[in-house]
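Participant: Taken in sequence, the protein lines are chains A and B. Numbering-wise (the numbering used here), the first sequence opens with residue 188 and increments by one. Numbering-wise (the numbering used here), the second sequence opens with residue 891 and increments by one.
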Amino acid sequence: MTPDATPIEPLVAVEDVHTYYGKSHILHGVSLHVDRGEVVGLLGRNGVGKSTTLKTIMGLVHPHRGKVLFAGKPITNLPAHKLARLGIGYVPEDRRIFRLLTVMENLRTGLDRHGMTEARKQELLEKAFSYFPVLAERRNQAGGTLSGGEQQMLAIARAMMLEPKIILLDEPTEGLMPRMVSQIRQIIDVLHREGVAILLVEQNVPLTLEASQRVYIMEKGAVRHHCPASALKIGDPLIQQYLGV
Amino acid sequence: MSTVLGLLQAIPYEALLIQTLNGIVTGMILALIASGLTLIFGIMDVVNFAHGELFMFGAYMGVVVISATGSFWLALVLATLIVALIGAALQITTLRPLLGRDPLTTILATFGISLVMQNYALWQFGPVARKIPEPFSGQFTLFYLEYPWYRVLIAILSAAIIGCFYLFLKYGTYGIWIRATTQDRVMAEAMGIPVSWVHTAVFGIGAGMAAASGVLFGPLVGVNHAMGLDWVLKAFIVVVVGGMGNLGGSIVASIFISLLEAYASIWVSPAQAVIVSFVVLILTLLFRPTGLFATPK
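1. Between the Cα of Ile195(A) and the Cα atoms of Gln339(A), Val388(A), Arg282(A), Arg223(A), which residue gives the shortest distance?
2. Have a look at the DSSP bridge pairing and note the partners of Thr289(A).
3. Mind checking Gln373(A): buried by the 16 CB within 10 Å criterion, or exposed?
4. Does any residue of chain B have a CB that is nearer than 7 Å to the CB of Thr263(A)?
5. Quick one: Cα of Arg991(B) to Cα of Ala384(A), how far?
6. By the three-class DSSP mapping on this structure, what secondary structure does Ile901(B) have?
7. Are three or more beta carbon pairs between the region 1092-1101 of chain B and the region 975-988 of chain B nearer than 8 Å?
8. Are the CB atoms of Ala271(A) and Ala1080(B) within a distance shorter than 7 Å?
9. To the nearest angstrom, report how far apart Lys133(A) and Ala924(B) are at their CA atoms.
10. Just grab the DSSP bridge partners of Glu202(A) for me.
11. Excluding the five sequence neighbours on either side, which residues of its own chain have a C-beta within less than 6 Å of the C-beta of His941(B), listed in chain order?
12. Expressed to the nearest angstrom, what Euclidean distance is found between the alpha-carbon atoms of Ile1083(B) and Leu1043(B)?
13. Got a sec, what are the start and stop residues for the beta strand (DSSP E) Arg372(A) sits in?
14. Roughly how many whole angstroms lie between the Cα atoms of Leu1150(B) and Leu1110(B)?
15. Between which two residues does the alpha helix (DSSP H) holding Val967(B) run?
16. Is DSSP giving Thr1063(B) helix, strand or coil here?
17. Write down every uninterrupted run of the beta strand (DSSP E) in the region 1014-1077 of chain B whose length is 3 residues or greater and which is fully enclosed by it, in chain order.
18. Quick one: give me the first and last residue of the beta strand (DSSP E) that Gly942(B) is part of.
19. Would Glu943(B) pass as a contact of Gln1014(B) if the rule is Cβ separation under 7 Å?
20. Throw me the rounded Cβ distance for the His215(A) and Gly408(A) pair, which I believe falls under 8 Å.
21. Under 8 Å, with one C-beta from each stretch per pair, do the region 1053-1060 of chain B and the region 1025-1043 of chain B reach the 3-pair mark?
22. Among Val226(A), Glu337(A), Gly276(A), whose alpha-carbon lies nearest the alpha-carbon of Ala416(A)?
23. When you compare the CB of Met245(A) with every CB in chain B, is at least one pair closer than 7 Å?
24. Answer with buried or exposed for Leu1175(B), where buried requires no fewer than 16 other C-beta atoms within 10 angstroms of its C-beta.
25. Below 8 Å on the Cβ atoms is my guess for Gly1138(B) versus Gly1181(B); work out the distance and round it to an integer in Å.
26. If you follow the alpha helix (DSSP H) that Gly1094(B) is part of, which residue opens it and which one closes it?
27. For chain A, check one thing: does any of its Cβ atoms lie closer than 7 Å to the Cβ of Asp992(B)?
28. Determine the direct distance from the alpha carbon of Asn391(A) to that of Pro424(A), and round the result to whole angstroms.
29. Taking the alpha carbon of Leu1032(B) as the point to measure from, which residue in Ile1165(B), Ile1172(B), Thr910(B), Arg1178(B) has its own alpha carbon closest?
30. Give a yes or no on whether 7 Å exceeds the smallest Cβ distance from Gly335(A) to chain B.
31. Using a Cβ-Cβ cut-off of 7 Å, state whether Val204(A) counts as contacting chain B.
32. According to DSSP, simplified to helix, strand and coil, what is Thr1180(B)?
33. Taking all protein chains shown into account, decide if Gln1073(B) is buried (16 or more other Cβ within 10 angstroms of its Cβ) or exposed.
34. Considering Cα atoms alone, identify which of Leu265(A), His249(A), Leu273(A) is closest to Leu198(A).
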């Protein structure tokens, strides 16, 4: 972080957001923020609205009430493709690889945009391939033929192509082998070192507490608890209460 | 033995060869129309009932430009561009507001557009069929027939247009955007792809390809306000037989069905030969309802 920059405001701020799917009220006034370069964990049981919170930030669902701010500017009703261009990367829960596109073409969906020079594209690709060598090997293979772990890497690499200021990571380790989990854990650290902020939704509590600076705990569509990650331990009664682990 | 020989001798080989050529020519025109139709369906789940009218509009644009400039090739290019723009405008005004609604609404909307376009053409150009002159009139001898080179050229040009389009889809940035949007609209949007403009562009491209086939086909038949009906019906058949949204499948199905019809018309009248397409359609729907060349979406 550059000390001379003025931004006191957080990179992403969600203020009292209410989101509905049809008639069902999913988010009941969620408020949270992520500072520049910060890794923030979002914990909670299944169905408490964690993924919906990410989708609301990404503009994939629009809230009925409340505001979403990006670097202090309201982005609440902007379409998702504009948010992607502003610098929000999205790695959804089910990865949503373009299955019939090759690995390279998947990456090009984020890479081929206005103002990108060939040199810059090459640089970004090489960086992604250095983190995920397996993607370089499979660059001409269809996305749908990759294993679950490889698809997760591709989903993260694809979001990195946007040179995002923040990545919304939805359950990146779900269903992965332990070896893959530790690889995902490492890439979160790498992104953090590069100054990319991350809003991490995870069921894996130990990993979230390790990787994050702060955590929010959600229940029934609202944030119930908020503290530095270091203040929580695995056996903490709070975690027992809200997450049942 | 003698019966087999007799049967073999009874096959009209010359007619078969001529009909193969005819089948390929109509197949390529049909493929050009059907590619746009299947692409529009694949990317936005819109069944475009106005596609035949875009084909007809293309033919009329051809007539207009040729009578103004005398150049067939200029007509081909201009008609394609103008109808592509008309298609894009139609998509923005009529289909974009309906995105995400019941597919029935888009069927009604495009059907409405087709009625308006047909009646506009009738009002503007009258009921008498117009003719587009062939750009050149050479012929070659094929058995007992003088076969016009222009027909061969149609097949080659159609194949070239489809080929360019395929390369664009495969390698172009916007081609990748189109394929990504076809597979996962929401994720494409989240990757910064302006999905609603991709829809508009695809509708425009599909309209332009229909218009190009209208101009190319114009010299073979009269241009009239109802010419789209036959073609859109056939195009729908090949789109279903080829697997809705499957570009390669539609192209193969176009040629397959056109060849079958061409062969059938050796023995029955061409009007009856159309039945073959419907038989193929019914069999496909019975045994492979997702199409002969269905791919996982």
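Built from N, CA and C at the ideal position, the CB exists for glycine as well. Since this is a predicted model, take the numbers as computed values, not measurements.
Facilitator: Judging by the given coordinates:
1. Residue 195(A) sits at position 8 when you count from the first residue of the first sequence. Measuring from the Cα of Ile195(A), the nearest candidate turns out to be Arg223(A).
2. Walking along the first sequence from the start, residue 289(A) turns up at place 102. In the DSSP output, where bridge partners are listed per residue, Thr289(A) has Ala329(A).
3. Locating residue 373(A) in the first sequence gives position 186, counting from the first residue. Residue environment analysis places Gln373(A) among the exposed positions, since fewer than 16 neighbouring C-beta atoms fall within 10 angstroms of its C-beta.
4. If you number the first sequence from 1, residue 263(A) lands on position 76. No, Thr263(A) lies away from the interface with chain B (no Cβ there is under 7 Å from its Cβ).
5. Position 101 of the second sequence, counting from 1, holds the residue named residue 991(B). Position 197 of the first sequence, counting from 1, holds the residue named residue 384(A). Rounded to the nearest angstrom, the gap between the Cα atoms of Arg991(B) and Ala384(A) is 36 Å.
6. Your numbering for residue 901(B) matches position 11 in the second sequence. Judged by DSSP in its simplified three-state form, Ile901(B) adopts coil rather than helix or strand.
7. A contact exists between the region 1092-1101 of chain B and the region 975-988 of chain B.
8. Position 190 of the second sequence, counted from the start, is the residue given in the question as residue 1080(B). Position 84 of the first sequence, counted from the start, is the residue given in the question as residue 271(A). For Ala1080(B) and Ala271(A), yes; Cβs fall inside 7 Å.
9. Residue coverage of chain A in this structure runs from 188 to 432, which leaves residue 133(A) outside it and unanswerable.
10. As a working note, residue 202(A) is residue 15 in the first sequence. Beta bridge pairing from DSSP links Glu202(A) with Lys254(A).
11. As a working mapping, residue 941(B) is identified with position 51 in the second sequence. Exclusion of the five residues before and after His941(B) leaves Leu927, Ala1100, Val1122 as the residues of its chain whose Cβ lies within less than 6 Å of its Cβ.
12. For the purposes of this step, residue 1083(B) is taken as the residue at position 193 of the second sequence. For the purposes of this step, residue 1043(B) is taken as the residue at position 153 of the second sequence. Ile1083(B) and Leu1043(B) have their C-alpha atoms some 38 Å from each other.
13. Start at 1 with the first residue of the first sequence, and residue 372(A) comes out as number 185. Arg372(A) -> not in any beta strand (DSSP E); alpha helix (DSSP H) instead, spanning 365-380.
14. Locating residue 1150(B) in the second sequence gives position 260, counting from the first residue. Locating residue 1110(B) in the second sequence gives position 220, counting from the first residue. Here the alpha carbon of Leu1150(B) sits roughly 20 Å from the alpha carbon of Leu1110(B).
15. On the second sequence, position 77 is the one that residue 967(B) refers to. Unbroken alpha helix (DSSP H) run through Val967(B): 962-980.
16. Within the second sequence, the letter at position 173 stands for residue 1063(B). Look at Thr1063(B) here: in three-state DSSP terms it is helix.
17. The qualifying runs are 1029-1032, 1035-1038.
18. Residue 942(B) sits at position 52 when you count from the first residue of the second sequence. Counting along the chain, Gly942(B) falls outside any beta strand (DSSP E), though it belongs to the alpha helix (DSSP H) covering 941-959.
19. Working through the second sequence from its first residue, we reach residue 943(B) at position 53. Working through the second sequence from its first residue, we reach residue 1014(B) at position 124. The Cβ atoms of Glu943(B) and Gln1014(B) do not sit closer than 7 Å to each other.
20. Taking the first residue of the first sequence as position 1, residue 215(A) is located at position 28. Taking the first residue of the first sequence as position 1, residue 408(A) is located at position 221. The C-beta distance from His215(A) to Gly408(A) rounds to 4 Å, short enough to fall under 8 Å.
21. No: the two stretches stay apart, fewer than three of their Cβ pairs being nearer than 8 Å.
22. In the first sequence, residue 416(A) corresponds to position 229, counting from 1. Relative to Ala416(A), the option among Val226(A), Glu337(A), Gly276(A) whose CA is nearest is Val226(A).
23. Here residue 245(A) is taken as the residue at index 58 of the first sequence, counted from 1. By this cut-off, Met245(A) is an interface position.
24. As a position in the second sequence, residue 1175(B) is number 285, starting the count at 1. Result: exposed.
25. Here the question's residue 1138(B) lines up with position 248 in the second sequence. Here the question's residue 1181(B) lines up with position 291 in the second sequence. Gly1138(B) to Gly1181(B), Cβ: 11 Å. No contact.
26. The residue labelled residue 1094(B) in the question sits at position 204 within the second sequence. First-last of the alpha helix (DSSP H) with Gly1094(B): 1085-1107.
27. Your numbering for residue 992(B) matches position 102 in the second sequence. With a threshold of 7 Å between beta carbons, Asp992(B) makes no contact with chain A.
28. Start at 1 with the first residue of the first sequence, and residue 424(A) comes out as number 237. Start at 1 with the first residue of the first sequence, and residue 391(A) comes out as number 204. So the alpha carbons of these two residues sit roughly 17 Å apart.
29. Position 142 of the second sequence holds residue 1032(B). Of the candidates Ile1165(B), Ile1172(B), Thr910(B), Arg1178(B), Thr910(B) places its Cα closest to the Cα of Leu1032(B).
30. By 1-based counting over the first sequence, the position of residue 335(A) is 148. In terms of beta-carbon proximity, Gly335(A) stays away from the interface with chain B, with every pair separated by 7 Å or more.
31. The residue labelled residue 204(A) in the question sits at position 17 within the first sequence. Output row for Val204(A): interface = no.
32. Position 290 of the second sequence, counting from 1, holds the residue named residue 1180(B). Secondary structure of Thr1180(B) (DSSP, three-state): coil.
33. What you label residue 1073(B) is simply residue 183 of the second sequence in a count that begins at 1. Within 10 angstroms of the beta-carbon of Gln1073(B) lie 16 or more other beta-carbons, which makes it buried.
34. Residue numbering aside, residue 198(A) sits at position 11 when the first sequence is read from its first letter. Here the closest residue by C-alpha is Leu273(A).
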